[in-house]
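Participant: Got a structure for you, written out below as structure tokens; questions coming shortly.
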Amino acid sequence: MSQTIATPPTIRLDSDVIGRPVSRTDGAAKVSGAAKYAAEYNVPNLWHGYIVSSPIAKGKITKIDAAAVLAIPGVQQVFSHENVPSLAWFDRSYKDDIAPGGSPFRPLHNADVLFSMQPVALVVAETFELARYAASVLRIEYAVDEDFNTDLEKARAAGKGFDAPKGKPGFLPPPKPKGDADKAFKAAPHQVEAAYTHHTQHHNPMEMFASTVEWLGDGKKLKIYDKTQGAGNTQQYISKIFGLSKEEAWVISKYTGGAFGSGLRPQYQSFLAVLAALELAHSVRVSMTRQQMFSMGHRAHTIQDLKLAADDQGYLQALEHHAFAETSQFENETETVVNWSGILYKCANTKFSYELAKVDVNTPADMRAPGAATGSFAIECAIDELAYKAGVDPLEFRRLNYTYRDPTEDKPFSSKRLLDCYQEGATRFGWDQRTPEPRSMREGNMLVGWGMATGCWDAAMQKTAAKASLTAAGHLTVSSATNDIGTGTYTIMTQVAAQTLGLPMADVTAVLGDTTLPPAPVQGGSWTAASTGSAVQAACQELGKKLLKLAQKMADSPLKGIAFEDVQFVDGHLRANEDIDRSVAIADVLATSGEATVEAESGAEPNPVNMLKYSMHSHNAVFVEVKVDEDLGTVHVTRVVNAVAAGRVLNPKTARSQVLGGTVWGISMALMEETFLDNNLGRYMNHNYAEYHVPVNADIHKIDVILVEEEDDHLNPLGVKGIGEIGMLGVAAAVANAVYHATGKRVRDLPLTIDKLL
Amino acid sequence: MNSFTLTQAAAADEAVRDFAGHAGAAYLGGGTNLIDLMKENVARPTHLTSLGHLPLGDISSLPEGGLRLGALATNADTAWHPEVEKRYPLLSQTILAGATPQLRNMATDGGNLLQRTRCYYFSDLATPCNKREPGSGCAALHGQNRVCGVLGTSESCIATHPSDMCVALAALEAVVRVQGPDGERSIKFEDFHRLPGNTPQFDNTLKAGELVTAIDLPAQGYASNFTYLKLRDRSSYAFALVSVAVGLEMEGNTIKKARFALGGVAHKPWRDPAAEQLLEGQPASPDLFRQVAAKVFASAKGYEFNSFKIELGKRAIVRALKQATEMSQPLDSNAFLNSNP
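Chains as they are written, first to last, in the working numbering: chain A, 835 to 1592; chain B, 354 to 694.
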């Protein structure tokens, strides 16, 4: 007689949420309009400032005739360099946390115009419409200086390049040379020597930069609702310039409608809104127009020269990567551009350089995967070119030159499952069905091309603090001054807290974007999940220790004498690891203790020992299919597989969204994005959403995201690498490589528009 | 944006009178272009004569077999109108290739004819532009002219007319009905828009105060052999770099009658009657199409960033004629993507 034994069902606890694809906790607020952005705080008695932008690229303001404007009823003030009060003197007061070397731009500082669309005045009026009208009739005269140059190619031809100086936090200078790249290049049978360029790109987040500054009528106290990626960064910038205490410069940034790096540094509308509020002792809002969004930082126009050589088997013999990028006249914006080539491939003979040239534009800025998006486009196209020359499949070529150690620092990677990304991505894509010859694949009258590329990004972490607070009613609030720029920070903070203290997510609230909360750095660099997540975990653990102590004080406590390491928080209970019957409900602990709330604050920071021992990076492999109408030069990206290895995935749903967004942006960079600069006028001309093209739904087709999880104890307590940037990397190169495979035409100048493919 | 007064007219003659009675007046239709230009201070009317209440929204059959599009019919209602879809599929397709659903829901047919150029310089007050400010110069001539014209340009202006719909109306040989202080008149579509010459501030041949009341379509709608090919930098919400609207009457493989027009290349929808004649009475063939394309662009002049439009325009003509003669899918190069793979 046989007996069937039923398999017990797998029980997933409500609190077991890390790694689950939970929906955004702020999703409902966002789609219903309840989520408020900086320009949506309608504080009482609000005045509006409208920014006047310079029509010229270089010169001096000779006259500002504000009298007629001030005579318009309802106009409160016109601010310009002529009436700005004496502010902080030294450059260092204007340096924010992300500022590069040089002298930061000071709005309304003097009569000098340093770039086109520079803010030159602020008109404050009782309504937005009135301020806008008044700004349009404000007469400003300029002495134009025709001796300007906005053309990077021209600056390069004139020998204006200089080695990029240090000064910007996080900037890695080019790796030191190894071996003899010249000699190895000349000796190798297969060589690629080519220049790759992309032009200026602007971030174009949906939400325009805005600050609503509420005058609290208590000394100089201001409540600053700011669009930013770092409330703390805005606070320190504003407080240093205007001589305010941290209490006086209270910055709130609850939601950010996209930023992509444009909100890392405080933008000039924050300065202008605070200036007006302090001077007028009144609440003031200043929003940029869509056009003015093109006056801010941007991805730097960059020219890259690559020299690669391989032997007959496809092993790299020489690798040279030289970048030449624009910066402004007043700051040296630097990105890590060329280093990625050195990190990705094993090669005995390497040489790198990174030069800047000053042109008369505003300082460039970090823009999603700064430097890496630039560098990976060039190296990954050059690798593709070399693979063809060596007669090796482009994927196989990358496997041949795979490195388990970071050659630029001669350290092992803390983890690197790029080979699995290659394998899983290639299988999902069907790479083995590819015929290697260019122009060999067709569908109807379309040429079909399959291309691939690799990406790499830092797995970084920053010192961050967080607080956890549990009420007697059993509701946990976790908080940190970090931001959520749409990436899902609210959600993962909630997940980490729920998991750590064994509570259902519904009983946890995450609070962020407020400088009165425990300090956190700007949200950027893909470091927030690792940093804020770890800080929240640490704060919850501290709270857990307090709970255990309180539990042990209870009469007949079953947890007496047990160490914190030996207890677990599961399903609203504290219980012993070894004997789950030794259990106390958290609600009972609080009820018995008589405390209204139990709180703990803690933080997390990078482990310096591990950082010395390991190179920490995320990787991805991107496979792309394009269809090209050769006669008409049109390209459509019909299929993408993006396989990403970025440590532990806290939330596959929000992580996938990050990779989807990155992939779309990569397609955009490949096919569409360019801010057209008129070098005669020194001005960006397609400064609106109609003419600066990003993809529409009809441009985006099948995108398949594969998350290759990595177990990595060296990174941070959560084992997270961050996923904000990596998804974009490799995509532009994979598209360009696919276009080559389809057409036999190698276009090295982005974007790949119709005119370049005719 | 400046202050302005606004009158809501109830009838065309009332609108015309209201306009004439206000210096600095502008007619307001759907507002999808004018309001934007007002916000940018490119247009500074001090008075708006709003047309929203005029009874000019109907689409109705004409006795001679044509179709009348009321000037206030929206682009969306026109594109999806059963008679337009059935008899003038070229027009329907062309309207749907332009703008976005939201814009098409607001934009009127009359307003579509009157939209201003999207040359970057026209809408940026910091730059010279003869169309916006006569005599200030043309920055596009030596500037960012990728979107500018290659046919019929002048030293004063190289802007293009941005409409898709008008490209089809040109090919269909529509007639524009207008009403002004001096009464009503009709303007052949080819005479409605003009070339820039030395007066690029004038986009069309309307006299001061004249109001577009209707667009009449002739009976021939080329419903059997037509195509609209639009080449642009993204699949939607982008103006044409080059577009071609074709309507053919075929008998077997022989082209009996041919009409085609180009968008994105000139200050007006570009027709070339001599090139059309080359097609008529001839069997359709790639060689013939190439010959026709070469003829159209024989007088073309490219500028720094838009010379590609000459070669692209030729190829687009060849492709569009091929599609129209064969009525083969795809109707445009993007169409294959609309079915989800």
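Every residue, glycine too, gets a C-beta built ideally from N, C-alpha and C.
1) By the 8 Å beta-carbon criterion, what residues does the region 483 to 517 of chain B contribute toward chain A?
2) Cutting at 7 Å between CB atoms, please list the residues of its own chain near isoleucine 852 of chain A, excluding the five before and the five after it.
3) Which stretch, first to last residue, makes up the alpha helix (DSSP H) that contains tyrosine 1324 of chain A?
4) Identify which residue in B/Ser414, B/Tyr380, B/Asn355, B/Arg397 has its Cα closest to the Cα of glycine 533 of chain B.
5) Quick one: what's got a C-beta closer than 7 Å to tyrosine 1526 of chain A's C-beta in the same chain, skipping five residues either side?
6) Which residues share a DSSP beta bridge with alanine 1152 of chain A?
7) Would you decide whether aspartate 1341 of chain A is buried or exposed? Buried here means 16 or more other CB atoms lie within 10 Å of its CB.
8) Are leucine 1140 of chain A and valine 1026 of chain A closer than 8 Å when you measure CB to CB?
9) Applying the criterion that 16 or more other CB atoms from any shown protein chain within 10 Å of the CB defines a buried residue, is asparagine 1522 of chain A buried or exposed?
10) Starting from proline 1198 of chain A, follow the alpha helix (DSSP H) in both directions and report where the run begins and ends.
11) Glutamate 1429 of chain A to proline 1551 of chain A, Cα distance in whole Å?
12) Using a Cβ-Cβ distance under 8 Å, would arginine 668 of chain B count as near chain A?
13) For leucine 1454 of chain A and alanine 1111 of chain A, what's the separation of their Cα atoms in angstroms?
14) On the DSSP letters alone, give me the boundaries of the beta strand (DSSP E) that aspartate 1463 of chain A sits inside.
15) State the DSSP-derived secondary structure class of glutamate 537 of chain B, mapped to helix, strand or coil.
16) Taking all protein chains shown into account, do 16 or more other C-beta atoms lie within 10 angstroms of the C-beta of threonine 1269 of chain A, making it buried, or fewer, making it exposed?
17) Does tyrosine 1222 of chain A come out as helix, strand or coil in the three-state DSSP assignment?
18) Looking only at C-alpha atoms, which of A/Gly1131, A/Ser1121, A/Pro1241, A/Arg1202 sits nearest to tryptophan 1174 of chain A?
19) Can the beta-carbon of alanine 1294 of chain A be found closer than 8 Å to that of glycine 1564 of chain A?
20) Do glutamate 1214 of chain A and valine 1542 of chain A have their CB atoms nearer than 8 Å?
21) Might you give, ordered along the chain, the residues of its own chain that have their beta carbon closer than 6 Å to the beta carbon of aspartate 1060 of chain A, omitting 5 neighbours on each side?
22) Quick check: is the beta carbon of glutamate 963 of chain A nearer than 8 Å to any beta carbon in chain B?
23) Can you pull the chain B residues whose beta carbon is under 8 Å from the beta carbon of arginine 940 of chain A, in chain order?
24) Compile a chain-ordered list of the residues in the region 643 to 661 of chain B whose CB is closer than 9 Å to at least one CB of chain A.
25) Apart from the five residues just before and just after methionine 459 of chain B, which ones in its own chain have a Cβ nearer than 6 Å to its Cβ?
26) Let me know the beta strand (DSSP E) ranges lying completely inside the region 1265 to 1353 of chain A, each 3 residues or longer, listed in chain order.
27) Going by beta carbon distance, what residues of the same chain come within less than 6 Å of lysine 648 of chain B, once the five residues before and after it are set aside?
28) Hey, could you find the ends of the alpha helix (DSSP H) valine 500 of chain B is sitting in?
29) Alanine 376 of chain B: which of B/Ile388, B/Ala362, B/Arg397, B/Leu390 sits nearest, CA to CA?
30) Could you pull out every residue in the same chain whose Cβ sits closer than 7 Å to the Cβ of alanine 450 of chain B, ignoring the five residues on either side in sequence?
31) Report yes or no: is there a C-beta of chain E within less than 8 Å of the C-beta of threonine 358 of chain B?
32) Is serine 686 of chain B close to chain A? Criterion is C-beta to C-beta, closer than 8 Å.
33) As a quick exercise: from B/Leu390, B/Leu443, B/Ile448, B/Phe357, pick the residue whose alpha carbon is nearest that of serine 403 of chain B.
34) Ignore the nearest five residues each way along the sequence and tell me which others in lysine 1054 of chain A's own chain have a CB closer than 7 Å to its CB.
35) Less than 7 Å between C-beta atoms, sequence neighbours within five positions excluded: which residues of the same chain meet that for serine 849 of chain A?
36) With valine 369 of chain B and glycine 562 of chain B assumed to form a contact (beta carbons below 8 Å), what rounded beta-carbon distance in angstroms separates them?
Facilitator: By the coordinates alone:
1) Ala492, His495, Gly496, Gln497, Arg499, Val500
2) Gln1329, Val1330, Gln1333, Leu1484
3) 1323 to 1335
4) B/Tyr380
5) His1036, Asn1038, Thr1509, Asn1520
6) A/Ala1143
7) buried
8) yes
9) buried
10) Element bounds for proline 1198 of chain A: n/a, residue is neither H nor E.
11) 30 Å
12) yes
13) Just to set this straight, residue 1454 of chain A is asparagine in the shown sequence, not leucine. Near 47 Å, if we compare the C-alpha coordinates of alanine 1111 of chain A and asparagine 1454 of chain A.
14) 1451 to 1463
15) strand
16) exposed
17) helix
18) A/Pro1241
19) no
20) no
21) Ala872, Ser1045, Thr1068, Val1085, Ser1087, Ser1104
22) yes
23) In chain order: nothing, as chain B lies at least about 22 Å away.
24) Phe658, Asn659, Ser660, Phe661
25) Gly383, Thr385
26) 1275 to 1277, 1280 to 1292, 1298 to 1305, 1310 to 1313, 1342 to 1345
27) Ala628
28) From DSSP, valine 500 of chain B is part of no alpha helix (DSSP H); its letter is neither H nor E.
29) B/Arg397
30) Asp517, Tyr581, Lys583
31) Absent from the structure is chain E; the protein chains it does hold are A and B.
32) Residue confidence is low: serine 686 of chain B scores 42 on pLDDT, short of 50, so the model does not pin down where it sits. Its coordinate-derived value is still stated next. Yes, serine 686 of chain B counts as interfacial toward chain A.
33) B/Phe357
34) Leu1078, Glu1082, Leu1112
35) Ala1332, Gln1333, Gly1336, Leu1337, Pro1338, Val1404, Asp1405
36) 6 Å
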